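Residue numbers for the sequence shown follow numbering that gives the first Met the number 0, beginning at 0 and rising by one. Glycine included, C-beta positions come from ideal geometry on N, C-alpha and C. Nothing here was measured: the structure is a model prediction, and the numbers come from that model. Report on one structure; see the data block that follows.
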Amino acid sequence: MCGIVGFTGKRDCIKILIDGLKALEYRGYDSAGIAVTLENGKIYTVKKQGRISNLEKETGKLSGNCGIGHTRWATHGSPSDRNSHPHTSGIFTVVHNGIIENFLDLKISLVNSGAFFTSDTDTEVIAHLLRKFYKGNFM
């Protein structure tokens, strides 16, 4: 079962995200990932198939004070690093629990309009839709 954890604040978020994901391990998952906003404003993502300890090893000296983490149980796309969440398109990074029933129609439309997908998941369409329709103001 998928799980989501997030943090924003003055402290470094990596340990908080990893500990939060570890607290969700009992629910079952096939992969996990985190995305962190770095000091320079860039988003850095680490995604790994398997145990959260695999993900933890890859975070190294990574630090930031805003991030999101996700444990995934595959529904669209096989368990793999590339299909792990979070997914990014432009300035948008998303995680998602659930199933997007019409994702294939959305994906085809997005690809036809120039989007490049890096996973086989339904969730990635959310990031691409946000990027496509965002006009600079969420309101």
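Q. Is the stretch 28-41 touching the stretch 75-91 in the sense that three or more CB pairs, one from each, lie closer than 8 angstroms?
A. yes
Q: Compare the beta carbon distance of W72 and D121 with 8 angstroms and say whether it is the shorter of the two.
A: no
Q) Taking C-alpha atoms, which residue in D11, I17, V4 lies nearest to G63? A) D11
Q: Taking T70 and L109 to be in contact with their CB atoms under 8 angstroms, please state how far apart those CB atoms are, rounded to whole angstroms.
A: About 26 angstroms separates the two Cβ atoms, so there is no contact after all.
Q) To the nearest whole angstrom, what separates the beta carbons of F116 and K106, a pair I think is in contact under 8 angstroms? A) 7 angstroms
(Q) What would DSSP say about R26, mapped onto helix, strand or coil? (A) helix
**Q.** For E123, the nearest candidate out of F137, G89, M138 (CA to CA)
**A.** G89
(Q) If contacts are defined as beta-carbon pairs under 8 angstroms, then I3 and V94 qualify, I think. What distance do you get, rounded to the angstrom? (A) 5 angstroms
Q.
Taking the alpha-carbon of E24 as reference, which of Y133, I51, K41 has the nearest alpha-carbon?
A. I51
Q | Reference G76, options H127, K14, T7, F102, closest by Cα | A | F102
Q: Closer than 6 angstroms by C-beta to I17: which residues in its own chain qualify, once you throw out the five before and the five after it? Chain order, please.
A: E55
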